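J.: Line by line, the protein sequences are chains A and B. The opening position of the first sequence corresponds to residue 23 in the numbering used here, with each subsequent residue numbered one higher. The opening position of the second sequence corresponds to residue 23 in the numbering used here, with each subsequent residue numbered one higher. Just so it is clear, CB atoms sit at the ideal spot from N, CA and C, and this is done for glycine as well. This one's a predicted model, so the numbers in the text were calculated from it and none came from an experiment. Right, I'll just put the structure down here and ask away after.
Number of protein chains: 2
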Amino acid sequence: MASLGATALSRMLEIATVMNYEARDLLFREGEGAEYFYCVLSGYVRLFRLNKDGREADIRICGPGDTFAECLLSMGDHYLYNSQAAENVTVARFELAKVRALAEQEKDVAKAVIQCLSSHLRNTMDCIANDRLQTAPQRVAHYLLDNCPQDGSSASIRLPFQKSLLAGKLGLAPEALSRAFSSLRRAGVTVRGRIIQIADISALKQI
Amino acid sequence: MASLGATALSRMLEIATVMNYEARDLLFREGEGAEYFYCVLSGYVRLFRLNKDGREADIRICGPGDTFAECLLSMGDHYLYNSQAAENVTVARFELAKVRALAEQEKDVAKAVIQCLSSHLRNTMDCIANDRLQTAPQRVAHYLLDNCPQDGSSASIRLPFQKSLLAGKLGLAPEALSRAFSSLRRAGVTVRGRIIQIADISALKQI
DNA sequence: CGTTTCTTTGAGCCGTTTCAATAATTGTGG
DNA sequence: CCACAATTATTGAAACGGCTCAAAGAAACG
Numbered sequence: 023m024a025s026l027g028a029t030a031l032s033r034m035l036e037i038a039t040v041m042n043y044e045a046r047d048l049l050f051r052e053g054e055g056a057e058y059f060y061c062v063l064s065g066y067v068r069l070f071r072l073n074k075d076g077r078e079a080d081i082r083i084c085g086p087g088d089t090f091a092e093c094l095l096s097m098g099d100h101y102l103y104n105s106q107a108a109e110n111v112t113v114a115r116f117e118l119a120k121v122r123a124l125a126e127q128e129k130d131v132a133k134a135v136i137q138c139l140s141s142h143l144r145n146t147m148d149c150i151a152n153d154r155l156q157t158a159p160q161r162v163a164h165y166l167l168d169n170c171p172q173d174g175s176s177a178s179i180r181l182p183f184q185k186s187l188l189a190g191k192l193g194l195a196p197e198a199l200s201r202a203f204s205s206l207r208r209a210g211v212t213v214r215g216r217i218i219q220i221a222d223i224s225a226l227k228q229i
Numbered sequence: 023m024a025s026l027g028a029t030a031l032s033r034m035l036e037i038a039t040v041m042n043y044e045a046r047d048l049l050f051r052e053g054e055g056a057e058y059f060y061c062v063l064s065g066y067v068r069l070f071r072l073n074k075d076g077r078e079a080d081i082r083i084c085g086p087g088d089t090f091a092e093c094l095l096s097m098g099d100h101y102l103y104n105s106q107a108a109e110n111v112t113v114a115r116f117e118l119a120k121v122r123a124l125a126e127q128e129k130d131v132a133k134a135v136i137q138c139l140s141s142h143l144r145n146t147m148d149c150i151a152n153d154r155l156q157t158a159p160q161r162v163a164h165y166l167l168d169n170c171p172q173d174g175s176s177a178s179i180r181l182p183f184q185k186s187l188l189a190g191k192l193g194l195a196p197e198a199l200s201r202a203f204s205s206l207r208r209a210g211v212t213v214r215g216r217i218i219q220i221a222d223i224s225a226l227k228q229i
């Protein structure tokens with residue numbers, strides 16, 4: 023939204039509806055008729071699919087500022103995955119049809135949609151590459167380094183959500199995440215609750 | 023391109039350069055300064071990343087009609103992965119800067135970019151879900167069903183590329199693909215070279 | 001027809017999942 | 001503020017799935 027001009031911005035805000043969901047609420051289900059796309063304002067939303075045995079796999083974890091279901095803007099009238107509030111969550115939702123129309127009129131809106139889709143696509147391709155190339159400790163190290171102030175040789179991070187959610191985001195079972203953390207202890211990573219201390223950032227980069 | 027109006031189409035074609043590459047040629051490398059995005063005209067292109075041990079993982083296999091490096095249109099000036107011709111290949115390439123400018127002027131172009139990105143994003147998210155939910159035989163069954171005439175109870179497919187490429191596309195080692203095929207024999211799948219016979223489509227759906 | 005490249009098969013290994021039990025955290029009502 | 005309940009996280013053991021390496025077999029190419 024930051025890139026929108028004044029008129030485009032106000033027209034988007036006209037369309038927006040703010041919604042609240044409680045932890046574990048489903049925002050929509052896979053296959054359901056799709057009316058809206060969403061932008062997270064606060065909290066985290068989990069996008070996942072089920073296999074036919076009922077096992078769940080996270081596709082994406084969306085936090086403040088992230089949009090989801092935007093790929094339905096150009097085509098498709100059914101949601102492609104399930105979406106669940108990981109905690110109490112506030113989102114803005116936009117009627118797909120109205121945004122489609124608005125993108126036709128306002129160049130800024132089309133441009134913002136392109137930016138959304140691009141960055142989302144980049145993240146998703148990174149995710150595939152990481153899934154296919156990295157072991158569990160490497161994925162965790164990667165995540166920590168991505169969410170770490172760049173400066174300094176040591177750092178401290180507070181996870182913004184539960185470990186089980188991080189596990190899903192990284193494509194791991196919660197137990198595998200736990201074991202990955204404990205294998206990173208020798209690289210100077212200390213975990214206490216949601217607080218993670220990194221003694222030596224450059225050592226972590228070697229993992 | 024099919025959705026472009028006459029003027030938008032001709033302006034895109036003005037920008038396009040057709041290029042040929044031989045099998046194993048690199049079109050670009052990860053980290054290289056990015057000048058173009060591409061559209062495959064014939065043949066197949068492999069997009070892949072390396073981990074620091076030099077192991078390769080395919081991110082995407084692009085065939086005729088597929089575009090790649092489009093996510094650089096909105097931002098980023100370096101390629102995000104390596105791109106290699108899997109065989110003799112013809113592609114059209116477009117200067118990113120010129121397409122960016124054109125998308126500002128021509129609504130059709132912006133719309134087409136949105137469509138490209140959307141469908142690419144959908145495929146990529148599907149890929150993550152498949153990687154995380156499905157075993158090797160399930161991925162192969164899924165691929166066969168996706169590339170199968172819908173009608174009828176049996177079918178015959180000719181793979182458009184080498185098995186090793188299909189393996190990479192499905193996130194498998196070639197040996198794992200081979201074993202997956204042989205485990206699908208009991209479900210009525212017969213492989214002879216690139217020709218794959220499916221005796222019972224509905225049986226395959228049960229996998 | 002021979003050479004090269006690609007594919008299949010076997011054996012062993014590694015990493016991750018699953019299941020089960022214990023420990024730690026978080027939230028809640030007294 | 002504490003104690004209890006519920007949830008979440010850790011740990012161990014076993015099993016599974018896919019990878020790697022090596023060798024044999026099949027296709028493709030000239």
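Mind pulling the alpha helix (DSSP H) runs of 4 or more residues that sit fully within the region 110 to 149 of chain B?
T.: Here the runs fully enclosed are 118 to 127.
J.: Since I believe ARG122/A is in contact with LEU95/A (beta carbons under 8 Å), could you give me their beta-carbon distance rounded to a whole number of angstroms?
T.: Start at 1 with the first residue of the first sequence, and residue 95/A comes out as number 73. Start at 1 with the first residue of the first sequence, and residue 122/A comes out as number 100. With 8 Å as the limit, LEU95/A and ARG122/A qualify as a contact, their Cβ atoms being about 6 Å apart.
J.: Using the Cβ count rule (16 or more neighbours within 10 Å means buried), how would you classify ILE218/A?
T.: Translated into the one-based positions of the first sequence, residue 218/A becomes position 196. With 16 or more Cβ atoms within 10 Å of its Cβ, ILE218/A is classed as buried.
J.: If you follow the beta strand (DSSP E) that ASP80/A is part of, which residue opens it and which one closes it?
T.: Numbered from 1 along the first sequence, position 58 holds the residue referred to as residue 80/A. Segment 78 to 84, the beta strand (DSSP E) holding ASP80/A.
J.: Considering Cα atoms alone, identify which of HIS164/B, LYS191/B and VAL131/B is closest to LEU35/B.
T.: On the second sequence, residue 35/B is found 13 positions in, with the first residue counted as 1. Checked all of HIS164/B, LYS191/B and VAL131/B; the closest Cα to LEU35/B is VAL131/B.
J.: Of all Cβ atoms in chain A, is any one closer than 8 Å to the Cβ of LEU35/B?
T.: Residue mapping note: residue 35/B aligns to position 13 of the second sequence, counting from 1. So, not an interface residue.
J.: Against chain A, with Cβ distances strictly below 8 Å, would ARG191/B count as a contact?
T.: Within the second sequence, numbered from 1, the residue matching residue 191/B stands at position 169. Strictly speaking, residue 191/B in this sequence is Lys, with Arg absent from that position. It does not: the Cβ of LYS191/B has no partner Cβ on chain A nearer than 8 Å.
J.: Thinking ARG71/A and ALA151/B are a contact (beta carbons under 8 Å), I'd like their distance in whole angstroms, please.
T.: Looking up residue 71/A in the first sequence gives position 49. Looking up residue 151/B in the second sequence gives position 129. About 4 Å separates the two Cβ atoms, so the contact holds.
J.: If you drop the 5 nearest sequence neighbours on each side, which residues of the same chain put their C-beta closer than 6 Å to that of HIS142/B?
T.: As a working mapping, residue 142/B is identified with position 120 in the second sequence. Closer than 6 Å at Cβ, skipping near neighbours: no residue.
J.: Measuring CA to CA, which of ALA125/A, ARG144/A and ARG33/A is closest to HIS100/B?
T.: Within the second sequence, residue 100/B is the residue found at index 78, counting from 1. The shortest Cα separation from HIS100/B among ALA125/A, ARG144/A and ARG33/A belongs to ARG144/A.
J.: Using the C-alpha atoms, what's the distance from GLN156/A back to LYS74/B?
T.: Position 52 of the second sequence, counted from the start, is the residue given in the question as residue 74/B. Position 134 of the first sequence, counted from the start, is the residue given in the question as residue 156/A. For LYS74/B and GLN156/A, the distance between alpha carbons rounds to 10 Å.
J.: For GLY193/B and ASP153/A, I'd like the C-alpha separation in whole angstroms.
T.: Locating residue 193/B in the second sequence gives position 171, counting from the first residue. Locating residue 153/A in the first sequence gives position 131, counting from the first residue. Those two C-alpha atoms are separated by around 9 Å.
J.: What's the call for LEU48/A, buried or exposed, on a 16-neighbour Cβ count within 10 Å?
T.: One-based indexing of the first sequence puts residue 48/A at position 26. Answer is exposed; the Cβ neighbour count stays below 16.
J.: If you measure from the beta carbon of LYS129/B to each beta carbon in chain A, is any gap under 8 Å?
T.: Translated into positions along the second sequence, residue 129/B becomes position 107. Output row for LYS129/B: interface = yes.
J.: May I have the straight-line CA-CA distance separating ARG214/A from SER186/A, to the nearest angstrom?
T.: Translated into the one-based positions of the first sequence, residue 214/A becomes position 192. Translated into the one-based positions of the first sequence, residue 186/A becomes position 164. Their backbone Cα atoms lie some 15 Å apart in a straight line.
J.: Assuming TYR60/B and LEU118/B make a contact with CB atoms under 8 Å, what is their CB distance in whole Å?
T.: For the purposes of this step, residue 60/B is taken as residue 38 along the second sequence, with counting starting at 1. For the purposes of this step, residue 118/B is taken as residue 96 along the second sequence, with counting starting at 1. Actually they are not in contact, since the Cβ atoms of TYR60/B and LEU118/B sit about 10 Å apart, beyond 8 Å.
J.: Hey, could you find the ends of the alpha helix (DSSP H) LEU17/A is sitting in?
T.: In the structure as shown, chain A begins at 23 and stops at 229. Residue 17/A is therefore absent and cannot be evaluated.
J.: Looking at the C-beta of LEU102/A, does it have a partner C-beta in chain B at a distance below 8 Å?
T.: The count along the first sequence starts at 1 and reaches residue 102/A at position 80. Chain B contact via Cβ: present.
J.: Please name the residue in SER176/A, ALA108/A, LYS120/A and MET97/A whose C-alpha comes closest to that of GLN137/B.
T.: Taking the first residue of the second sequence as 1, we reach residue 137/B at position 115. That would be MET97/A, whose Cα lies nearest to the Cα of GLN137/B.
J.: Taking the straight line between their C-alpha atoms, what separation do you get for SER224/A and VAL113/B?
T.: Locating residue 224/A in the first sequence gives position 202, where the first residue counts as 1. Locating residue 113/B in the second sequence gives position 91, where the first residue counts as 1. SER224/A and VAL113/B: Cα-Cα distance of roughly 41 Å.
J.: Give the list of continuous alpha helix (DSSP H) stretches no shorter than 4 residues that lie fully inside the region 164 to 192 of chain B.
T.: Listed in chain order, they are 185 to 191.
J.: By how many angstroms is the C-alpha of TYR165/A removed from the C-alpha of LYS191/B?
T.: Locating residue 191/B in the second sequence gives position 169, counting from the first residue. Locating residue 165/A in the first sequence gives position 143, counting from the first residue. Each residue's alpha carbon lies about 25 Å from the other.
J.: Which stretch, first to last residue, makes up the beta strand (DSSP E) that contains LEU63/A?
T.: Counting from 1 along the first sequence, the entry for residue 63/A is found at position 41. Looking at the DSSP string, the run of the beta strand (DSSP E) that includes LEU63/A is 58 to 64.
J.: Just how far apart, CA to CA, sit SER25/B and LYS129/B?
T.: As a position in the second sequence, residue 25/B is number 3, starting the count at 1. As a position in the second sequence, residue 129/B is number 107, starting the count at 1. Rounded to whole angstroms, SER25/B to LYS129/B spans 11 Å at the Cα level.
J.: Please list the terminal residues of the continuous beta strand (DSSP E) segment that includes MET34/A.
T.: Translated into positions along the first sequence, residue 34/A becomes position 12. No beta strand (DSSP E) holds MET34/A; the alpha helix (DSSP H) holding it covers 28 to 37.
J.: Run through chain A and tell me which residues come within less than 7 Å of ARG154/B, C-beta to C-beta.
T.: Residue numbering aside, residue 154/B sits at position 132 when the second sequence is read from its first letter. Neighbours of ARG154/B on chain A, chain order: ALA79 and GLY193.
J.: For ARG214/B, which residues does DSSP report across the bridge?
T.: On the second sequence, position 192 is the one that residue 214/B refers to. Answer is ILE217/B.
J.: Using only CA atoms, which one of PRO86/B, LEU102/B, GLY85/B and GLY87/B lies nearest to CYS93/B?
T.: In the second sequence, the residue the question calls residue 93/B occupies position 71. Measuring from the Cα of CYS93/B, the nearest candidate turns out to be LEU102/B.
J.: With 16 as the cutoff for other CB atoms within 10 Å, does ARG82/B come out buried or exposed?
T.: Stepping through the second sequence from its first residue, residue 82/B is reached at position 60. With 16 or more Cβ atoms within 10 Å of its Cβ, ARG82/B is classed as buried.
J.: Alpha carbons only, please: which of SER140/B, LEU139/B and ARG161/B is nearest the one belonging to CYS149/B?
T.: Here residue 149/B is taken as the residue at index 127 of the second sequence, counted from 1. Comparing Cα-Cα distances from CYS149/B to each of SER140/B, LEU139/B and ARG161/B, the minimum goes to ARG161/B.
J.: Give the secondary structure of ASN152/B by DSSP, where H, G and I count as helix, E and B as strand, and everything else as coil.
T.: Here residue 152/B refers to the residue found at position 130 when the second sequence is read from its first residue. Three-state result, ASN152/B: helix.
J.: Return the bridge partner residues of SER105/B from the DSSP annotation.
T.: As a first step, residue 105/B is located in the second sequence; it is residue number 83 there, counting from the start. PHE50/B and LEU69/B.
J.: Would you give the residue range spanned by the alpha helix (DSSP H) that SER96/A belongs to?
T.: As a first step, residue 96/A is located in the first sequence; it is residue number 74 there, counting from the start. Looking at the DSSP string, SER96/A is not in any alpha helix (DSSP H), and its letter there is neither H nor E.
J.: Among GLN127/B, SER204/B and ALA56/B, which residue has its Cα nearest to the Cα of ALA163/B?
T.: Counting from one through the second sequence, the residue named residue 163/B turns up at place 141. Among GLN127/B, SER204/B and ALA56/B, the Cα nearest to that of ALA163/B is on SER204/B.
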